[in-house]
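In the numbering used here, the protein residues as written are 217 to 677.
Backbone N, C-alpha and C fix where the C-beta goes; we use that ideal spot for every residue, glycine too.
See below for the structure under consideration.
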C-alpha cells in the first residue's frame, strides 16, 4: 500500500490507502497498548497472590507495582534504539519489530509458572525479564506508529491522523479490562488465580496478522523516503538521513526534548492514578488501608472512561489542526489541575456513580492534552531526527512519571492515611505540563493554518 504523500492529489485510491493506513495504525497501537496495560491490571489484582504469595498484602502489592514499573524503565531504551534506527532505516521496520516483540513477550507472560511452582525467586525474575521486553517494545512502537501516520498524510491533517495512534491507549486499556473482567466473572476465584488470568495474555497472539499486514502492505512514510532518496545526491547534510540521529537530537534540541516530556506530566500521572493506583487502593479492604469497593465496579468505571476517551482524543486532535496544538494542551492540563482534589472527594465516597463522574472528567482532561500530542511532538523536530527526538521525550515522561505513579500513590497513602498528598502530586504534574506548553513555540500557529502552502512545524525546527 502506497501511503499518500502530503502533496498528492486526492484520488479514490489515495483515500482508500489513507483509510487503511489509519486503520492499521489504530489496530496495531490498540493491541500493543492492550498488551502493555493488561499487565498493569494483573499487577493490581493477581500478581501479588501469584508471584508474591508469602508476603503481606501491602508488600506484595508494592512489589507487583515495582515489576510494573520495570516496563517504564525499559521504555526509554526502546525509544532510543528504535529512534536511532527509525531515523536511519525507516519508520516501518521499527513498528514491525516492536509489535512482534510485544506480542511474543506478552504471550510468554501468560505461560509463566507461579511462585509456588518454580520458587519465590525464579518466578519474579522471569516476570521482570519479560516485563522489561514489553517495555522495550512499547518504547519503540509509539514514535514509529505516530510518525507512520502523521508523515503519511497532508501536513494540515497531522493532528487528526496522529490521534489514530493516540486512541490506541484507551482502547487497549478497554480491551485489557474487558478480558480481565470477563475471565474474572466467568471463573471461580481459585480458577481465575490459577489459570484464568493467563487468557488475556495469550490473546496477544492476534498481533501477528497486524504485523504481517503492515510488513507487506504499508510503505514507509513519504518524508522518510525523501530523506533516504537524497543520501547520494549533493544536498545539504540537514536534508539527508542523519548518521547519529540521537546525538544530533540531544545536541540541537535538548530543551525541546525536556519540555516535550513535560507535556505528558499531567496526563501520565492522572492516567496511572486512575488505572493502576486507584484499582489497588479502591479494591483493598479498609483493614488493609483501602476503600473496600467492589473490584468490578472500579474496572467498569475504567472501561466506561476508556470508551469515551478516544472520542475526545479524536476531537482534540482534529481541533488542533484548526486552533493550534498548545491551546488544547493548556486547557486539558488546567482541567486536570482543578480536578485533582474533587477526583478523590468523589471517589472516596465509594459510590459507584460518583466514581464514574470522577473518572470521566479526569479522562476528558487527559484526552485534551493527549490528542494533539502526536502531531505536536513530531513537529518539534525536523524529519532527520524526528523519531529519536519525539521518542526520547515521550519515553522520558514514561520512566519519570508513569511507572512510578502507582507506587508513589500507594506509598503516600500508606504513610499518611490520606489521599491529600496524591492530589497535590497530581496538581504539581499539571503545573509542569502548563509550564512546558507555555515555553514551547506553537508549531501550528494562525499564520500557518491560514496559509495553504505553509507546513506546521518547519519554522520551529
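Discussion item. Assuming residue 345 is part of the alpha helix (DSSP H), what are its boundary residues?
Written reply: Along the chain shown, one-based indexing puts residue 345 at 129. Here the alpha helix (DSSP H) through residue 345 covers 338 to 366.
Practice prompt. Please confirm whether residue 314 and residue 290 have their CB atoms less than 8 Å apart.
Written response: For the purposes of this step, residue 314 is taken as the residue at position 98 of the chain shown. For the purposes of this step, residue 290 is taken as the residue at position 74 of the chain shown. No, the Cβ-Cβ distance between residue 314 and residue 290 is not below 8 Å.
Fill in: Burial state of residue 360 (16 or more Cβ within 10 Å)
For the purposes of this step, residue 360 is taken as the residue at position 144 of the chain shown. By the neighbour-count rule (16 or more Cβ atoms within 10 Å), residue 360 is buried.
Worksheet item: Among residues of its own chain, excluding the 5 on either side of residue 396, which ones have a beta-carbon nearer than 6 Å to its beta-carbon?
Response: Looking up residue 396 in the chain shown gives position 180. Result list for residue 396: 257, 416, in chain order.
Discussion item. If you measure between the beta carbons of residue 319 and residue 252, is that distance less than 8 Å?
Written reply: As a first step, residue 319 must be located in the chain shown, where it is residue number 103. As a first step, residue 252 must be located in the chain shown, where it is residue number 36. Result no, Cβ atoms of residue 319 and residue 252 do not sit closer than 8 Å.
Fill in: Helix, strand or coil at residue 531 according to DSSP, with G and I counted as helix
Position 315 of the chain shown, counted from the start, is the residue given in the question as residue 531. In the structure shown, residue 531 sits in a helix (DSSP, three-state: H, G or I).
Worksheet item: What is the rounded straight-line gap between the Cα of residue 614 and the Cα of residue 649?
Response: By one-based count along the chain shown, residue 614 stands at place 398. By one-based count along the chain shown, residue 649 stands at place 433. Between residue 614 and residue 649, the C-alpha separation is close to 14 Å.
Worksheet entry | DSSP three-state assignment for residue 435, whether helix, strand or coil | If you number the chain shown from 1, residue 435 lands on position 219. Residue 435 falls in the coil class under three-state DSSP.
Fill in: Segments of 4+ residues assigned as alpha helix (DSSP H) that fall wholly inside the stretch 263 to 337
263 to 267, 273 to 304, 307 to 325, 331 to 334
Fill in: First and last residue of the uninterrupted alpha helix (DSSP H) at residue 251
Here residue 251 corresponds to residue number 35 of the chain shown, with the count starting at 1. Per DSSP, residue 251 belongs to the alpha helix (DSSP H) from 228 to 261.
Item to complete: Could you work out which residue in 382, 430, 243 is closest to residue 532 when comparing CA atoms only?
Response: For the purposes of this step, residue 532 is taken as residue 316 along the chain shown, with counting starting at 1. Residue 382 is the option with its Cα nearest to residue 532.
Discussion item. Does chain B have any CB closer than 8 Å to the CB of residue 283?
Written reply: You won't find chain B in this structure, because it holds only one protein chain.
Worksheet item: Residue range of the alpha helix (DSSP H) that residue 414 falls in?
Response: For this step, residue 414 is matched to residue 198 along the chain shown. From DSSP, the alpha helix (DSSP H) with residue 414 extends over 414 to 418.
Worksheet item: Quick one: what's got a C-beta closer than 6 Å to residue 546's C-beta in the same chain, skipping five residues either side?
Response: Residue numbering aside, residue 546 sits at position 330 when the chain shown is read from its first letter. Counting only Cβ-Cβ distances below 6 Å, and skipping sequence neighbours, we find 653.
Worksheet entry | Proximity below 8 Å, CB of residue 369 to CB of residue 286 | Residue 369 sits at position 153 when you count from the first residue of the chain shown. Residue 286 sits at position 70 when you count from the first residue of the chain shown. Taking 8 Å as the Cβ cut-off, residue 369 and residue 286 do not qualify as a contacting pair.
Discussion item. If you follow the alpha helix (DSSP H) that residue 543 is in, where does it begin and where does it stop?
Written reply: As a first step, residue 543 must be located in the chain shown, where it is residue number 327. Residue 543 -> alpha helix (DSSP H) spans 541 to 563.
Worksheet item: Secondary structure at residue 634, three-state DSSP: helix, strand or coil?
Response: Translated into the one-based positions of the chain shown, residue 634 becomes position 418. Coil at residue 634, not helix or strand.
Item to complete: Using only alpha-carbon positions, find the residue among 371, 295, 245, 600 that is nearest to residue 426.
Response: Position 210 of the chain shown, counted from the first residue, corresponds to residue 426. With distances taken between Cα atoms, residue 426 lies closest to 245.
Worksheet item: In whole angstroms, what is the alpha-carbon distance linking residue 464 and residue 300?
Response: In the chain shown, counting from the first residue as 1, residue 464 sits at position 248. In the chain shown, counting from the first residue as 1, residue 300 sits at position 84. Cα-Cα distance, rounded: 10 Å.
Discussion item. Just to confirm, is the Cβ distance from residue 673 to residue 596 under 8 Å?
Written reply: Stepping through the chain shown from its first residue, residue 673 is reached at position 457. Stepping through the chain shown from its first residue, residue 596 is reached at position 380. A contact, by the Cβ cut-off of 8 Å.
Worksheet item: Of the choices 268, 505, 659, 590, whose alpha-carbon is the least far from that of residue 366?
Response: Working through the chain shown from its first residue, we reach residue 366 at position 150. The shortest Cα separation from residue 366 among 268, 505, 659, 590 belongs to 590.
Worksheet item: For the candidate residues 662, 479, 585, whose alpha-carbon lies nearest to that of residue 655?
Response: Within the chain shown, numbered from 1, the residue matching residue 655 stands at position 439. It is 479 whose Cα lies nearest to the Cα of residue 655.
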